[in-house]
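Everything on this sheet refers to the single structure shown next.
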Amino acid sequence: MKLTLQLYRNPVSGHCHRVELFLSLLGLPYESIDVDLANQQHKTPEFLAMNPLGQVPVLREGDLTLADSNAILVYLEARHAPGQWLPRDPVGERATLADVAHYAYVARAPEGLISLQPYPAIRAWLARIEALPGFVPMLKLPIGLAS
Ligand SMILES: N[C@@H](CCC(=O)N[C@@H](CS)C(=O)NCC(=O)O)C(=O)O
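In this text, residue positions in the sequence shown follow the numbering used here: the first is 4, and each later residue adds one.
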């Protein structure tokens with residue numbers, strides 16, 4: 004079965020993970036297409052036709068081709084879960100797109116040699132995201148503080 008949503012991604016990209024996380028939180032089935040960044044697949048004419056900046060992620064749905072992870076999050080919210088993840092009131096109890104957008108790079112700070120040990124509130128926030136139904140982790144690399 005050909006899935007309507009297609010995500011061009013790379014497994015070590017936090018920008019891609021934020022889209023994968025949101026798709027999973029929304030329970031939307033999608034086809035995941037790995038883009039080989041090491042071999043410059045993102046600079047081929049075929050890929051540049053989808054995103055002239057030559058970057059992942061790129062989402063396709065029907066006739067729509069959309070680049071930029073945050074633009075994709077906003078599109079998915081408007082199209083598939085309108086009003087649920089972009090509250091007017093900034094003091095809500097439930098997770099928002101801001102949480103989804105920030106998760107990957109905050110969670111991976113130790114890969115950039117930034118320890119989260121001195122920040123219990125940030126670790127508690129990460130744990131709350133990880134407890135959301137549909138949460139999917141990002142690939143962990145044995146680099147930085149984890150090496
Ligand atoms: N503003 C873009 C940034 C995307 C981005 O920087 N993607 C990286 C991977 S994390 C990439 O494709 N880099 C390859 C390149 O720029 O040549 C977004 O939010 O999607």
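Backbone N, C-alpha and C fix where the C-beta goes; we use that ideal spot for every residue, glycine too. Since this is a predicted model, take the numbers as computed values, not measurements.
CA-CA distance, L142 to L62, rounds to 20 Å.
As summarised for the stretch 22-89, the continuous alpha helix (DSSP H) elements at least 4 residues long and confined to that stretch are 48-53, 72-83, given in chain order. L10 sits in a strand when the DSSP states are folded into three classes. Classified as buried, L26 has 16 or more neighbouring CB atoms from the shown chains inside 10 Å of its CB. Taking a cut-off of 8 Å on C-beta distances, the stretch 110-128 does not touch the stretch 77-92, as fewer than three cross pairs fall below it.
Here V139 is exposed: its Cβ has fewer than 16 other Cβ atoms, across all protein chains shown, within 10 Å. If the five residues before and after T99 are omitted, its C-beta is found closer than 8 Å to the C-beta atoms of W88, L89, P90, all from its own chain and listed in chain order.
With a threshold of 16 other beta carbon atoms within 10 Å, I75 meets it and is buried.
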